[in-house]
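Structure, as structure tokens:
Protein chains: 2
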Amino acid sequence: MAKPVITLSDVAAAAGVSLSTASKALNGTDRISAATRQHVRTTADRLGFRHNALARSFARGRSQTIGVLTHRASNPFTRVVLASAATELGAKEQAILLYDARIDDHDVTESILQLRARRIDGVIVIGTGTSFPTPSLTSRFDVPVIYAFTYTEDPDDVTITSDDDEIGRVAIRHLLSKGRRKIAHITAEPHDNAAVRRAASAKEMLAEAGLEWAAPVRFGRWREDWGAEAAAAVLAESPDVDAIFCGSDAIARGAERAVRAAGRDVPGDVSLIGVDNWEELMHDQRDSRHLTTVDVGLEEIGRQVAAHLLEPDPKPGIQYVAPQVVTAETT
Amino acid sequence: MAKPVITLSDVAAAAGVSLSTASKALNGTDRISAATRQHVRTTADRLGFRHNALARSFARGRSQTIGVLTHRASNPFTRVVLASAATELGAKEQAILLYDARIDDHDVTESILQLRARRIDGVIVIGTGTSFPTPSLTSRFDVPVIYAFTYTEDPDDVTITSDDDEIGRVAIRHLLSKGRRKIAHITAEPHDNAAVRRAASAKEMLAEAGLEWAAPVRFGRWREDWGAEAAAAVLAESPDVDAIFCGSDAIARGAERAVRAAGRDVPGDVSLIGVDNWEELMHDQRDSRHLTTVDVGLEEIGRQVAAHLLEPDPKPGIQYVAPQVVTAETT
DNA sequence: AGGGGAAGCGAAAGCGGTTTCGCTGACCAA
DNA sequence: TTGGTCAGCGAAACCGCTTTCGCTTCCCCT
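Keeping their order, the protein sequence lines are chains A and B.
Quick note: the first sequence, position 307, residue 307 per UniProt numbering, numbers continuous.
Quick note: the second sequence, position 11, residue 11 per UniProt numbering, numbers continuous.
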């Protein structure tokens, strides 16, 4: 019966103005008298007019869509950043087009052509952490590119990522605040950028307090079994250790097992702090936390990336998201 | 220098045919001689022509975009389904527009209007599991709506979700295959649909083997501390229990702690199996698994939802994804 | 009173395709 | 031959909105 969908010309007709005037009035662009503008707007409201977003995008040459390139979308960290960015973008009526595993596709060119055909408004590249750099793709697009949870080798790339230096500092600061002084560190590969920076900044923080590691830093892997193995070794070698800063929650979980197996109480004898905040990622609820950890701020990274991408001119360079200590039972 | 972007009329001109002929030739629609079609196609390739996806969508009235409604995008389960669906859709050049927390927004109407303005091609509703139904929104859209990881009260809604009945069965079958006969069950609230169905189907499976629960089913909450509390009680009451089917991995983790605290070996004295496959969700690596669990198939749900939504006429009703037992150290 | 500038609005072009419709010519049967 | 079909192609309309450009008015200054 009633015209199912109201178009701009309907509004123009009803308001007794031209199509172009109606367009300008609704968009607030160009010179239009306040009276006309108001009149058009109220009639539009009265008719229940809604812009045809598709046509609109088309005319403007922008698609209201953001391209997202990932290394592996099923990576748990990637998923968090992705969901968070998508939420933020959705709130701004921006769709996302996900190209999984296209970051280092040997033929990224194809993805890029597809994105250009789509008239993508911008690109988000989601990495898998700060352990290794991601290749820079900025110059291959003619739209803004922003990097999340990774870093590139081009210092001018717009990047938002976690702050490994600060992670090391806040972890140690937390342990110190709990009165611990004999602190050990178990972490991943010695050539892993994130592991190295966390270890180095932690050491600096200790030095500021006039301390040093209570045992040599154990470099290994980002795995639970390594955490158990290394913790056992640490306790055997330095029985007076009263806290272990673990490079990740996986390592911390293994360490806890070993510490308990060694007959020490957690956190009575030995405090443990991890990094990643897995429990939050899993439970989605604030209750029943167990492991004290450092949240690297993945959701915040996703939010900020989405926000910055839409800004006119984001400042180039790396922007760090502050890590947060999440206190629980192990300290 | 060279025309930066090739348009269809360029192709038509180069091929010496009209714009409309070129369009038809490339789309394969309408009557076109094979020779002409081929000629147009090769010239298009030669020029490196790519459709302007935006204009194309516009002309066709479809946006190549899928609307996604979630209850809470930061829920870990939701994130998995979302990432999986987005990956699948991205491979098919479909973008997604995420409306978080809009499933039961008191004013869903607004979201719906926005989606319609966008000429969304379809809608995916991602729920947070089979514990409770999601309101049906199908009738409010004029495009296909599909429900993932939840169920509605309308039996005609197209739904893809996990199979609680089968979860109970495979869990018990697995324990039986490990030679266990004294099986207990710890799960969540007695009015939780998922908990109830898993418990009921598990009981049936036991009955088929001529068995029954070795201890009364413990209903409680989906939480680790409940798992610990209930497991302790089970062991105290029925010391001969040799396996516990836990309604979730969180419960299983708590149960493991309690079993060990009671001096029993896992899996020597007591086998444990959970549900959810958290470790997979976290580690993103196959190594160092600890807990035996039932994977409910979230990624598969995401994939199927994406695939089915694009099909011409998906069959109405609930379609279940088969759960998979993931064997690890606790059985 | 006359001239110039700017505000306000509409006609029309354009965006890049798809699709309807009508025209031409070939082929076939009578 | 002549009339009727139908395949193949192009002209033109159309999708719904934005934006350029030019035409009126109106106002103000001299």
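Ideal placement from N, C-alpha and C gives every residue a C-beta, glycine not left out.
Using beta-carbon positions only, say whether residue 17 of chain A and residue 36 of chain A come within less than 8 Å of one another.
Reading the first sequence from its first residue, position 17 is the one you call residue 17 of chain A. Reading the first sequence from its first residue, position 36 is the one you call residue 36 of chain A. Yes; because the gap between Cβ atoms is below 8 Å, this pair is in contact.
Within 8 Å of any Cβ in chain B, is that where the Cβ of residue 319 of chain A sits?
Within the first sequence, the letter at position 319 stands for residue 319 of chain A. False, the Cβ-Cβ gap to chain B never drops below 8 Å.
Return the chain-ordered list of same chain residues with a C-beta closer than 7 Å to the C-beta of residue 44 of chain A, the five sequence neighbours on each side being excluded.
On the first sequence, residue 44 of chain A is found 44 positions in, with the first residue counted as 1. Excluding positions up to five away in sequence, the list reads 11 and 26.
Does DSSP put residue 245 of chain A in a helix, in a strand, or in coil?
Residue 245 of chain A sits at position 245 when you count from the first residue of the first sequence. Correct three-state label for residue 245 of chain A: strand.
How many Å lie between residue 338 of chain A and residue 297 of chain B at the Cα?
The requested residue 338 of chain A is not part of the displayed model; chain A covers only 1 to 331.
Residues of the segment 167-189 of chain A with a CB closer than 8 Å to any CB of chain B: list them in chain order, please.
Flagged: no residues at all.
Could you tell me whether the Cβ atoms of residue 182 of chain B and residue 271 of chain B are closer together than 8 Å?
As a first step, residue 182 of chain B is located in the second sequence; it is residue number 182 there, counting from the start. As a first step, residue 271 of chain B is located in the second sequence; it is residue number 271 there, counting from the start. No, Cβ-Cβ distance for residue 182 of chain B and residue 271 of chain B is not below 8 Å.
Would you say residue 286 of chain A reaches chain B, if we count a Cβ-Cβ gap shorter than 8 Å as a contact?
Start at 1 with the first residue of the first sequence, and residue 286 of chain A comes out as number 286. Unreliable positioning characterises residue 286 of chain A in this predicted model, as indicated by a pLDDT of 49, which lies under 50. A coordinate reading is not provided.
Note down, in chain order, each residue of its chain lying with its Cβ closer than 7 Å to the Cβ of residue 23 of chain A, except the 5 sequence neighbours on either side.
Against the first sequence, residue 23 of chain A aligns to sequence position 23. Excluding sequence neighbours, residue 23 of chain A sits near 8.
List, in order along the chain, the chain A residues whose C-beta lies closer than 9 Å to that of residue 127 of chain B?
Residue numbering aside, residue 127 of chain B sits at position 127 when the second sequence is read from its first letter. What residue 127 of chain B touches in chain A: nothing, since even the nearest Cβ is about 14 Å away.
At which residue ranges does the segment 147-184 of chain B contain complete alpha helix (DSSP H) runs of 4 or more residues, listed in the order of the chain?
Listed in chain order, the complete alpha helix (DSSP H) runs (minimum 4 residues) inside the segment 147-184 of chain B are 164-177.
Look up residue 187 of chain A in the DSSP assignment and give the residues it is bridged to.
Along the first sequence, read from residue 1 onward, the residue named residue 187 of chain A stands at position 187. DSSP, once it has assigned bridges, lists A:219 as partnering residue 187 of chain A.
Have a look at residue 310 of chain B and residue 93 of chain B and give me their C-alpha separation to the nearest angstrom.
Taking the second sequence and counting its residues from 1, the one referred to as residue 310 of chain B is at position 310. Taking the second sequence and counting its residues from 1, the one referred to as residue 93 of chain B is at position 93. Rounded to whole angstroms, residue 310 of chain B to residue 93 of chain B spans 11 Å at the Cα level.
Look up residue 327 of chain B in the DSSP assignment and say whether it is helix, strand or coil.
The residue you call residue 327 of chain B lines up with position 327 of the second sequence. Residue 327 of chain B falls in the coil class under three-state DSSP.
Could you please tell me which residues of the segment 271-282 of chain B, in chain order, have their CB closer than 8 Å to any CB of chain A?
Listed by position along the chain: 278, 281 and 282.
Can you find the residues in the same chain that come closer than 6 Å, C-beta to C-beta, to residue 184 of chain B, ignoring five residues on each side of it along the sequence?
Here residue 184 of chain B refers to the residue found at position 184 when the second sequence is read from its first residue. So the list reads 214, 215, 234, 241 and 244, once near-sequence residues are dropped.
Measuring only between beta-carbons, confirm whether residue 80 of chain A sits less than 8 Å from chain B.
As a working mapping, residue 80 of chain A is identified with position 80 in the first sequence. By this cut-off, residue 80 of chain A is an interface position.
Look at the alpha carbon of residue 265 of chain A and the alpha carbon of residue 331 of chain A, and state the distance between them as a whole number of angstroms.
Against the first sequence, residue 265 of chain A aligns to sequence position 265. Against the first sequence, residue 331 of chain A aligns to sequence position 331. Going from the Cα of residue 265 of chain A to the Cα of residue 331 of chain A covers about 11 Å.
In chain B, what lies closer than 8 Å to residue 192 of chain A by C-beta?
Start at 1 with the first residue of the first sequence, and residue 192 of chain A comes out as number 192. What residue 192 of chain A touches in chain B: nothing, since even the nearest Cβ is about 15 Å away.
Helix, strand or coil, according to DSSP, for residue 271 of chain B in the structure here?
Start at 1 with the first residue of the second sequence, and residue 271 of chain B comes out as number 271. Three-state result, residue 271 of chain B: strand.
Do residue 227 of chain A and residue 251 of chain A have their C-beta atoms closer together than 8 Å?
Stepping through the first sequence from its first residue, residue 227 of chain A is reached at position 227. Stepping through the first sequence from its first residue, residue 251 of chain A is reached at position 251. The answer is yes: Cβ separation under 8 Å.
Could you tell me the alpha carbon to alpha carbon distance between residue 313 of chain A and residue 158 of chain A, rounded to whole angstroms?
The count along the first sequence starts at 1 and reaches residue 313 of chain A at position 313. The count along the first sequence starts at 1 and reaches residue 158 of chain A at position 158. Going by the C-alpha atoms only, they are around 10 Å apart.
Strictly under 8 Å for the Cβ-Cβ distance: is residue 51 of chain A near chain B by that measure?
For the purposes of this step, residue 51 of chain A is taken as the residue at position 51 of the first sequence. Taking Cβ atoms only, chain B reaches closer than 8 Å to residue 51 of chain A, which makes this a yes.
Mind listing, in chain order, the continuous alpha helix (DSSP H) runs of no fewer than 4 residues lying wholly within the segment 90-124 of chain B?
List check, alpha helix (DSSP H) in window: 108-117.
For residue 317 of chain B and residue 81 of chain B, I'd like the C-alpha separation in whole angstroms.
Taking the first residue of the second sequence as 1, we reach residue 317 of chain B at position 317. Taking the first residue of the second sequence as 1, we reach residue 81 of chain B at position 81. In a straight line, the C-alpha of residue 317 of chain B is about 19 Å away from that of residue 81 of chain B.
Give the residues from the segment 97-127 of chain B that approach chain A closer than 8 Å (Cβ to any Cβ), ordered along the chain.
Listed by position, the residues of the segment 97-127 of chain B near chain A (Cβ gap below 8 Å) are 97, 98, 99, 100, 113, 114, 116, 117, 118 and 119.
Cβ atoms of residue 187 of chain B and residue 162 of chain B: under 8 Å apart, would you say?
Here the question's residue 162 of chain B lines up with position 162 in the second sequence. Here the question's residue 187 of chain B lines up with position 187 in the second sequence. In this structure, residue 187 of chain B does not lie closer than 8 Å to residue 162 of chain B by Cβ.
Got a sec? Which residues, its chain only, sit under 7 Å from residue 15 of chain A by beta carbon, not counting five neighbours each side?
Stepping through the first sequence from its first residue, residue 15 of chain A is reached at position 15. Only 22, 39, 40 and 43 meet the Cβ criterion.
I'd like to confirm the pairing. Which residues does DSSP put opposite residue 319 of chain A in its beta bridges?
In the first sequence, residue 319 of chain A corresponds to position 319, counting from 1. Note: residue 319 of chain A sits in a beta bridge opposite A:160.
Determine the direct distance from the alpha carbon of residue 101 of chain A to that of residue 55 of chain B, and round the result to whole angstroms.
In the second sequence, counting from the first residue as 1, residue 55 of chain B sits at position 55. In the first sequence, counting from the first residue as 1, residue 101 of chain A sits at position 101. If you take the alpha carbons of residue 55 of chain B and residue 101 of chain A, they lie about 27 Å apart.
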